[in-house]
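*Asks:* Numbering (the working numbering), first residue to last: 21 to 77. Submitted below is the structure of interest, expressed as structure tokens.
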Amino acid sequence: MRYVLFRSIQIMALLSVLSGLYFGIRDRNLMLEVQALAWGALLFYAAYWANERWGKQ
């Protein structure tokens, strides 16, 4: 069950990166793009680490 939770968090992180890039390009806001990329990557790798640590038991 934890595996599904961590994978869902990874999917949400990737969607946040894609939506941040979309809205950043649309509004010509580079800071929004960088923030979405940073937070999305942080969330993605945190969920990956948690999945490796607790999800595969």
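Where a beta carbon is used, it is the ideal one built from N, C-alpha and C, also for glycine.
Here's a check: name, in chain order, each residue in its chain whose Cβ is nearer than 8 Å to the Cβ of Y23, leaving out the five neighbours to either side.
*Replies:* Hits under 8 Å: N71, G75 and K76.
*Asks:* According to DSSP, is M32 part of a helix, a strand, or is it coil?
*Replies:* If DSSP states are grouped into helix, strand and coil, M32 belongs with the helices.
*Asks:* Give the range of the alpha helix (DSSP H) segment to which W69 is assigned.
*Replies:* First-last of the alpha helix (DSSP H) with W69: L50 to A70.
*Asks:* Can we say the stretch 21 to 35 touches the stretch 53 to 71, given the rule of at least three CB pairs closer than 8 Å?
*Replies:* Yes, since at least three Cβ pairs between the stretch 21 to 35 and the stretch 53 to 71 fall closer than 8 Å, the two stretches touch.
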